[in-house]
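Chains as they are written, first to last, in the numbering used here: chain C, 3 to 63; chain E, 3 to 63; chain P, 3 to 63; chain A, 3 to 63; chain U, 3 to 63; chain D, 3 to 63.
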């Protein structure tokens, strides 16, 4: 509480994902005054043929 | 803006997914008057043992 | 199955929303071969102070 | 209607997932009076480097 | 962990929602062996003109 | 791309929400190297009777 979900196309490293989840957690603690242990972040990555912008899959952009 | 998410059981081809993401994007442009470059669509596919209808996993239906 | 979710900032009419949900349903039926009665669409609208692009709330853009 | 989504870190067996989806379906039928065939449940599992609690990935907790 | 989301059309009482959230929490504890204090459930209700089945809004079904 | 969703119980001010959305956007830009104009954040707030922890609604905790 709160819970944060990041929807992204695949391709980031574990290091990038760790950094993002840490910084988002810090942002929630700072702005909402939440105990960090109550903050969960999950990244939902899509294969490049399963996410599109402008109607064009990322596998073709 | 807006962003669209499709939750489905696995098993569709890249061609089917491309077609769906294109047609959903067109539907948003037509009805909401959005620039297509502002429309993202992501498909979240579940393995057949991770989605159920009527309490029965798709791996057993 | 599948289920579709549209995340948008508030401000569209019931007529626009009906049109979008109808066209998305048709897109699923056409591309995935689903019975339309198995397709659900839900629109999750945010107040303008609860959605941001580029870090700026829609209430200030 | 309704549709239920469970966000979890990976690592449960098919048997655990079947049991959870069955019990959640029963809970919806009992409390909301829904026909079970109208209830869908999908589990969205994250790799351990893609979910964090307290800013720390489950791959490191 | 895990977190559960229920997407439904509006119209249930606080009593029905309390019962559902309690029973879903119990289902997670039973099947996944989680501490109940680690289970969150959120219900996302849509106005009847913002959810459709078969392409028809619940305001017209 | 990516898109971020924050699920929370109601009760934060517009100022708190603006701050959170700004800081999350900055975190995505820093860690994923994204153009900020491609980052959207939406907060989905639940009434206190529609979110529970440990099976108990926030209206009763």
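Glycine included, every Cβ here is placed at the ideal spot set by N, Cα and C.
Quick caveat: nothing in here was measured; it's all calculated off a predicted structure.
Reduced DSSP category for residue i - H, G, I as helix; E, B as strand; rest coil
i            : result
residue 27/P : helix
residue 17/D : helix
residue 49/E : coil
residue 4/C  : coil
Contacts around residue i, its chain only, beta-carbon distance under 6 Å, and the 5 residues preceding and following it disregarded
i            : result
residue 5/U  : 42
residue 19/P : 45
residue 31/P : 38
residue 23/U : 43
Cβ-based burial, residue i [other Cβ within 10 Å; buried from 16]
i            : result
residue 14/E : buried
Same chain only: Cβ atoms within 7 Å of residue i, ignoring 5 sequence neighbours per side
i            : result
residue 26/U : 6 and 43
residue 56/C : none
residue 48/D : 11 and 12
Distance between residue j and residue i (C-alpha atoms, nearest Å)
i            : j            : result
residue 50/E : residue 59/E : 7 Å
residue 33/U : residue 21/A : 6 Å
residue 29/P : residue 52/P : 29 Å
residue 17/D : residue 63/P : 15 Å
residue 61/E : residue 35/A : 26 Å
residue 38/P : residue 3/P  : 9 Å
Proximal residues to residue i (C-beta, below 8 Å), its chain only, five neighbours per side dropped
i            : result
residue 46/E : 7, 8, 9 and 10
Candidates the options: closest to residue i by CA position
i            : options             : result
residue 40/E : 12/C, 38/C and 54/C : 54/C
The ligand NAD heavy atom lying under 6 Å from the CB of residue i
i            : result
residue 51/A : Annotation note on the ligand NAD: not contained in the displayed structure, which lists no ligands.
CB contact check: residue i to chain F, cutoff 7 Å
i           : result
residue 5/P : In the structure shown, chain F does not exist; the protein chains are C, E, P, A, U and D.
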